[in-house]
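*Asks:*
Number of protein chains: 6
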Amino acid sequence: MKYDVFYGKGMGKVKKEYPEIYEVIKNLNEVVYTGKVLDYKTQKLIAIGITAGHCDETATEKQMRSAMKELKVTPEEIADVLRVVLLLSGQPAFTKGMRILDELTKK
Amino acid sequence: MKYDVFYGKGMGKVKKEYPEIYEVIKNLNEVVYTGKVLDYKTQKLIAIGITAGHCDETATEKQMRSAMKELKVTPEEIADVLRVVLLLSGQPAFTKGMRILDELTKK
Amino acid sequence: MKYDVFYGKGMGKVKKEYPEIYEVIKNLNEVVYTGKVLDYKTQKLIAIGITAGHCDETATEKQMRSAMKELKVTPEEIADVLRVVLLLSGQPAFTKGMRILDELTKK
Amino acid sequence: MKYDVFYGKGMGKVKKEYPEIYEVIKNLNEVVYTGKVLDYKTQKLIAIGITAGHCDETATEKQMRSAMKELKVTPEEIADVLRVVLLLSGQPAFTKGMRILDELTKK
Amino acid sequence: MKYDVFYGKGMGKVKKEYPEIYEVIKNLNEVVYTGKVLDYKTQKLIAIGITAGHCDETATEKQMRSAMKELKVTPEEIADVLRVVLLLSGQPAFTKGMRILDELTKK
Amino acid sequence: MKYDVFYGKGMGKVKKEYPEIYEVIKNLNEVVYTGKVLDYKTQKLIAIGITAGHCDETATEKQMRSAMKELKVTPEEIADVLRVVLLLSGQPAFTKGMRILDELTKK
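Residue numbers (the numbering used here), protein chains in the order written: chain A, 1 to 107; chain B, 108 to 214; chain C, 215 to 321; chain D, 322 to 428; chain E, 429 to 535; chain F, 536 to 642.
1) Buried or exposed for V144(B), going by 16 or more other Cβ atoms inside 10 Å?
2) Pick out the complete alpha helix (DSSP H) segments inside the stretch 440-479 of chain E, 4 residues or longer, and give them in chain order.
3) Determine the extent of the alpha helix (DSSP H) in which V509(E) is found, giving its start and end residues.
4) Got a sec, what are the start and stop residues for the alpha helix (DSSP H) K62(A) sits in?
5) By Cβ distance below 8 Å, which residues in the same chain neighbour V14(A) in space, the five residues on each side in sequence not counted?
6) Would you please verify whether the beta carbon of E184(B) is less than 9 Å from any beta carbon of chain A?
7) Is the beta carbon of T149(B) sitting closer than 9 Å to the one on T158(B)?
8) Taking the alpha-carbon positions, what's the M536(F) to Y575(F) distance?
9) If you run the structure through DSSP and keep just helix, strand and coil, what is M215(C)?
10) Expressed to the nearest angstrom, what Euclidean distance is found between the alpha-carbon atoms of V649(F) and D102(A)?
11) Less than 9 Å between CB atoms is the rule here; does Q519(E) satisfy it with respect to chain B?
12) Let me see if you follow: with CB-CB separation under 9 Å, is V549(F) close to chain D or not?
13) Can you find a CB in chain B that lies within less than 9 Å of the CB of M546(F)?
14) Nearest to L152(B) by CA position, among R172(B), V188(B) and K123(B), is which residue?
15) Any Cβ of chain D within less than 9 Å of the Cβ of L466(E)?
16) So L301(C) contacts chain F; which residues on that side make the cut at Cβ distance below 7 Å?
17) K490(E) and D163(B) - do their beta-carbons sit closer together than 9 Å?
18) Flag T470(E) as yes if its beta-carbon sits less than 9 Å from any beta-carbon of chain B, otherwise no.
19) Using the C-alpha atoms, what's the distance from Q198(B) back to M205(B)?
20) Could you check if E244(C) is buried or exposed, using at least 16 other CB atoms within 10 Å of its CB as the buried criterion?
21) A273(C) versus chain A: which residues are under 7 Å apart at the beta carbon?
22) Taking V405(D) and G356(D) to be in contact with their CB atoms under 8 Å, please state how far apart those CB atoms are, rounded to whole angstroms.
23) Shortest alpha-carbon distance to L409(D) belongs to which of G160(B), G119(B), G117(B) and P126(B)?
24) Report yes if the C-beta distance between L28(A) and V139(B) is below 9 Å; otherwise report no.
25) Does chain C have any CB closer than 9 Å to the CB of K72(A)?
26) Shorter than 9 Å from the beta carbon of R527(E) to some beta carbon of chain F?
27) What number of angstroms, rounded off, separates the C-alpha of K551(F) from the C-alpha of G545(F)?
28) In chain H, what lies closer than 7 Å to L456(E) by C-beta?
29) Closest by CA to F629(F), which one among Y553(F), L639(F), I613(F) and S601(F)?
30) Given that D294(C) touches chain E, what residues does it touch there, using C-beta distances under 7 Å?
31) Any Cβ of chain B within less than 9 Å of the Cβ of I560(F)?
32) Taking the alpha-carbon positions, what's the S387(D) to I314(C) distance?
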């Protein structure tokens with residue numbers, strides 16, 4: 001379930017042609033998202049913050065989508081993440097995040 | 108209390124010489140860290156993730172320090188944030204974050 | 215007039231659903247673009263430089279468009295900004311900026 | 322031949338309207354890609370690594386395309402570059418690179 | 429005079445050991461800082477904005493120092509540049525810029 | 536031998552306190568640096584390019600140091616990597632890389 005986010009065009013190719021990379025990425029995701037104290041949902045909110053702070057549209061969209069689908073993260077929770085992005089990464093990163101959220105919630 | 112993180116050499120100058128900038132940054136921090144649904148602590152963990160993901164040492168150190176002091180965030184919680192940084196921003200960003208955490212917890 | 219640049223899909227959602235964020239962003243823009251000594255136009259040229267230096271296509275396009283429309287900034291002035299981007303951020307950032315400028319001036 | 326990568330919409334405009342910038346970029350490319358000890362192909366692999374590590378889709382796609390066309394760089398070689406990107410820039414940068422490679426090799 | 433900013437430890441080595449790189453960088457600086465319409469000072473302000481927006485301390489410090497020394501750029505002008513950085517790159521980049529400015533003006 | 540680069544203050548803490556993260560990073564390094572076609576040395580040169588292109592001083596210094604020590608990479612080879620950094624990431628990233636190289640070769 002936790003690996004949902006890395007399925008996609010890029011990772012499909014990896015699974016088929018580079019199984020050893022696929023395997024280590026799967027293990028990496030497992031270790032990363034099995035925090036000692038923070039739950040998976042909090043870690044996913046952090047993941048949204050990091051990708052939105054990087055201004056990486058594709059990754060932000062994937063993180064938001066998987067957070068909403070897998071973990072029932074609400075648009076309000078994502079907006080609260082984007083507040084922090086506004087402060088730490090500036091208005092363009094924030095606006096981009098809001099536009100992606102807007103598009104996802106309209107679907 | 109929430110503004111602790113922006114005290115420092117840079118902001119001292121701003122408060123004295125550019126009070127209108129200081130004022131808007133104070134308001135911005137207030138609005139950002141008053142989420143509708145996420146609590147302040149979760150937002151601070153997100154802030155640590157974003158600054159560590161940016162490889163910004165000074166800002167990461169400030170965020171970690173203020174999170175531990177103000178909100179009793181534990182080293183284990185920060186390590187769980189850094190797991191996500193490892194996945195999304197790579198090993199150098201992760202190692203840097205771990206070194207800062209190490210230095211802060213030794214003091 | 216100065217707020218033109220933050221209208222758009224992302225900010226429309228913010229205005230309606232998160233008026234307190236909208237308000238603080240409006241104030242922030244007001245304070246930022248009311249420099250003590252530099253005029254608004256110089257600050258807009260700087261804004262183009264920063265967004266183009268970040269390789270952020272959407273934000274660069276918005277900044278260029280609003281600078282040309284609001285302040286009659288010319289393509290030559292923008293090209294002079296992009297020269298600095300070439301030196302400080304490298305050729306890909308420069309080429310991207312030039313392509314955006316090209317598309318905007320053809321319309 | 323080495324300048325192939327900077328032809329495109331952005332550079333076409335530069336050549337016509339800013340010949341002095343075009344000239345210096347041509348010289349810059351010449352000096353950069355005439356290493357003392359590393360051959361051109363190794364430098365192109367490094368270029369793919371840097372642009373993919375920056376998460377810059379357009380530039381990554383250009384670098385991969387020109388490397389494959391000019392220098393017969395193979396998809397396996399590019400995948401070995403992307404391994405390093407995975408380690409140093411994280412999974413989103415890696416996945417993006419793999420998707421671009423996938424699209425290029427399907428054409 | 430325009431090349432002041434690239435003297436330093438790194439460039440000293442380049443001049444001695446890699447004269448062909450030194451030459452092309454000198455030409456690049458000449459072309460970049462000879463804008464068609466913008467004057468050198470405006471371009472230097474843009475350069476400060478870009479380096480401060482990148483959170484690159486060493487480069488920001490060099491740009492500010494050379495702008496103040498060569499072109500009599502005032503601290504107030506630099507603060508007006510940093511306002512734009514606050515909006516477009518976030519508070520950590522702004523605070524870092526202000527701290528550097530503070531240290532430079534105290535000397 | 537390939538893991539040399541991740542020893543250090545940050546990773547020492549990880550090995551002791553977060554052995555499961557240490558384990559996955561070790562595997563990740565193994566998979567990353569065991570390319571199908573490129574040799575380890577070429578991949579290390581790419582790693583230097585990526586970290587120098589990110590302007591990450593600590594990571595760049597580590598990569599250069601381990602490349603010179605483990606693999607007898609020469610300063611000339613590193614300079615050829617930095618040429619590509621100059622083109623793709625701009626002069627500040629290049630100068631920083633050259634300064635680090637200068638310091639390492641003087642020791």
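Idealized CB from N, CA, C, for every residue including glycine. In this text, all values refer to a predicted model and were calculated from it rather than measured experimentally.
*Replies:* In brief:
1) exposed
2) 447-460
3) P503 to S517
4) E57 to L71
5) I21, Y22 and I25
6) yes
7) no
8) Only weak support is given to the placement of M536(F): the predicted model assigns it a pLDDT of 44, under 50, and the question is left unresolved by the model.
9) Here M215(C) scores only 44 on pLDDT, less than 50, and its place in the model should not be relied on; the value that follows carries that caveat. Correct three-state label for M215(C): coil.
10) Examination of residue 649(F) is not possible in this model, given that chain F is present from 536 through 642 alone.
11) yes
12) no
13) yes
14) V188(B)
15) no
16) G625 and Q626
17) no
18) no
19) 10 Å
20) exposed
21) P92
22) Their Cβ separation, rounded to whole angstroms, is 19 Å, which puts V405(D) and G356(D) out of contact at 8 Å.
23) G160(B)
24) no
25) no
26) no
27) 11 Å
28) The chain labelled as chain H is not found among the protein chains of the depicted structure, namely A, B, C, D, E and F.
29) I613(F)
30) G463, K464, V465, L466 and Q471
31) yes
32) 22 Å
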